[in-house]
Amino acid sequence: MSITVLTPGFLTTVQDLGRIGAQRYGVTVGGAMDPFSLRVANLLVGNEEGDAGLEMTFTGPALRFHQDVLIAITGGDLPLHMDGRLLPRWRSVLVKAGGILRGSGMGKGSRAYLAVAGGISVPSVLGSKSTDLKAGIGGYQGRPLQEGDVLEIGKPSPWAESLMGSLHDFPFAAAHWQVSPKMFSFYRENPTLRVIRGGHFHLFDRASRQKFFREEFLVTPQSDRMGYRLTGPKVNMEKPYEMISEAVTVGTIQVPPDGNPILLMADRQTTGGYPKIAHVITADLPVVAQVKPGERIRFQEVSLEEAWTEYRLRERALKQLAEGIRAKGNG
Amino acid sequence: MERSSYKISPMGDRAVLVQLGDRIQPETHGWVRALSIYLDQHPLPGMVEYIPAFTSVALIYDLMKTTYLEVKSRLEEILASLSPSAAATARQVVIPVCYGGEWGPDLEFVARYHHMAPEEVITIHSEGEYRVYMIGFAPGFPYLGGLPERIATPRRATPRMKIPAGSVGIAGTQTGIYPIDSPGGWQIIGRTPLHLFRPHRNPPSLLQSGDRIRFQPISPDEYAAWVEEEG
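In order, the protein sequence lines correspond to chains S and V.
Per this note's numbering, residue 1 is the first one in the first sequence, and the count goes up by one each step.
Per this note's numbering, residue 332 is the first one in the second sequence, and the count goes up by one each step.
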């Protein structure tokens, strides 16, 4: 049971939901930039939500499947073909042995996720299969996929076996049902992101505090899995502030002395020494993950209560989706 | 010891920041340790993990299992009954270091900067006892307190593209050890054969917040022997 990497695309890595519990040792959380998409992809192939899949960045790879396998593609709209036909997204798809998936250029969104029934089988390091590029651990030998890599895959669940048994077409066959587009209607280009104030918000000068919410920021090319560097209105402190390094979290927006905010993402360091002006709410992190360099973003302040409500609504919808998909196995 | 004042505030929508002081000093850090040890022994319901720093502890919680207000009120209870005496039993760790030469390319610069002989820098650096204030920046990277002011040295004007794992450096009044190959601007005065980041062991960091460490000078031959032993 394996997949061969023919070409790796711009950046394809093995990711799960991250390395939880070792931040006190300086170990990066990492994991899928867009955890929502990875979770849905896993559900569609009968996996656990946190199983390891592939995160494909900007341009898709070319992959050869060596046996019949159930896959699902979610997240950003990167064009991925098989035998000249576009593979459907947000849907369970049976790929026949010998099938080759090929990425062809960029589409909408930054990152697509590929889950395979049984999950990508790589050793767990500190409880996670995520690739930590900086530490060189996890995933496939601690690095991005390269031409010639062979990925082992685990054993599909009985649910996946049963669905595979009902799909037959060549070279691939999609299930007749898919995730309702309503589930992922929150993705958008040049988004307005909801944030709550950071602990140092009040230390920024009045004009900067206003500009932060009124004006737009450009996501620069110096943006990656660690964080997005933004330019736009300069955000300045009332007076210089020497802060003592403390923990940061995914979605934290910190501002170095040059006044250009940095939005921290999956591969952020565990601690930071720059003032925190705001935090993107957890429910909007999948949206951020799909933003491309060159896009513009705005920030809109919401209350903590609203952030929590949005998060719980999203989790509830995912739970219902999981139940709905599981029920397809019985009918 | 007087109980320090503290501040509990939200850090985003799924983390709480407990600030136990606003200065890097052993007393404040004693509270950071005491709270960390308490959380190790009595994890709060819904706690995902915690991240201790110089003067603060951040606690990440699972929004589906608890709420900010629950976490905050539990932390207030804990802090009311906590005493920093729990922090007294710090581990002592000795870090062997081969100073100078290819292992410490900036030792000469640091010595010249302070108008000292390189041996004097080594003596001063290895005489002191250091406290691990925080692990951060990179996996297993210790922020150490206690560098004698006499050898405090500014960062390099141009950072190096690659500093080998194990390198021991000085940056301003800080000293530290690079656990993994990384770029950086610290003045590198030596290298330890020990692995500070051990991803396949538990815990994955040789050093932990609160440890007291000493540097033990070793010869290049001893360094080579250690490297063989460490693998």
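Here a beta-carbon is modelled for each residue, glycine too, at the ideal position from N, C-alpha and C.
- Contacts with chain S at 8 angstroms (Cβ-Cβ) include G343 of chain V.
- The C-beta distance from G60 of chain S to L43 of chain S rounds to 21 angstroms, too long to meet the 8 angstroms contact threshold.
- The secondary-structure analysis by DSSP pairs A115 of chain S across a beta bridge with S:A72.
- Comparing alpha-carbon positions, the option among V:S513, V:W517, V:A469, V:A496 lying closest to T489 of chain V turns out to be V:W517.
- Going by C-alpha positions, Y274 of chain S is about 6 angstroms away from Q254 of chain S.
- The Cβ of P534 of chain V sits closer than 8 angstroms to at least one Cβ of chain S.
- The beta-carbon of E380 of chain V is placed less than 8 angstroms from the nearest beta-carbon of chain S.
- Taken through DSSP and simplified to helix, strand or coil, Q141 of chain S comes out as coil.
- Per DSSP, the continuous alpha helix (DSSP H) segment holding K211 of chain S begins and ends at 206 to 214.
- Bounds of any beta strand (DSSP E) do not take in F440 of chain V; it lies within the alpha helix (DSSP H) bounded by 438 to 444.
- The Cβ-Cβ distance between V93 of chain S and A72 of chain S falls below 8 angstroms.
- Note that the C-beta distance between K129 of chain S and V45 of chain S is not below 8 angstroms.
- Taking C-beta atoms under 8 angstroms as the contact rule, A266 of chain S and M33 of chain S qualify, at a distance of about 5 angstroms.
- Minimum Cα-Cα distance from H66 of chain S among the listed residues S:E48, S:L151, S:G53, S:R102 corresponds to S:L151.
- Pairing G503 of chain V with R487 of chain V gives a Cβ-Cβ distance that is not under 8 angstroms.
- Using a CB distance below 7 angstroms, the part of the region 235 to 254 of chain S facing chain V consists of I244, S245, E246, A247, T249, G251, T252, ordered along the chain.
- With respect to chain S, the C-beta atom of A389 of chain V has a partner C-beta closer than 8 angstroms.
- Around G9 of chain S, the same chain offers M56, T59, G60, P61, G103 as residues with beta carbons nearer than 6 angstroms, after the five sequence neighbours per side are excluded.
- For P376 of chain V, same chain residues with a beta-carbon under 7 angstroms away, outside a window of 5 residues either side, are K396, T397 in chain order.
- A distance below 8 angstroms between beta-carbons, with the five flanking residues on each side excluded, links R422 of chain V to the following residues of its chain, in chain order: Q539, G541, D542, R543.
- For K338 of chain V, same chain residues with a beta-carbon under 7 angstroms away, outside a window of 5 residues either side, are Q350 in chain order.
- For G516 of chain V, the nearest beta carbon of chain S is not closer than 8 angstroms to its own beta carbon.
- Around R312 of chain S, the beta-carbon contacts reaching into chain V at under 8 angstroms are L394, M395.
- Beta-carbon to beta-carbon, I511 of chain V and A496 of chain V are separated by about 5 angstroms, close enough to satisfy the 8 angstroms threshold.
- Chain V places a beta carbon closer than 8 angstroms to that of W308 of chain S, counting this residue as a contact.
- Between F472 of chain V and Y509 of chain V, the C-beta spacing is below 8 angstroms.
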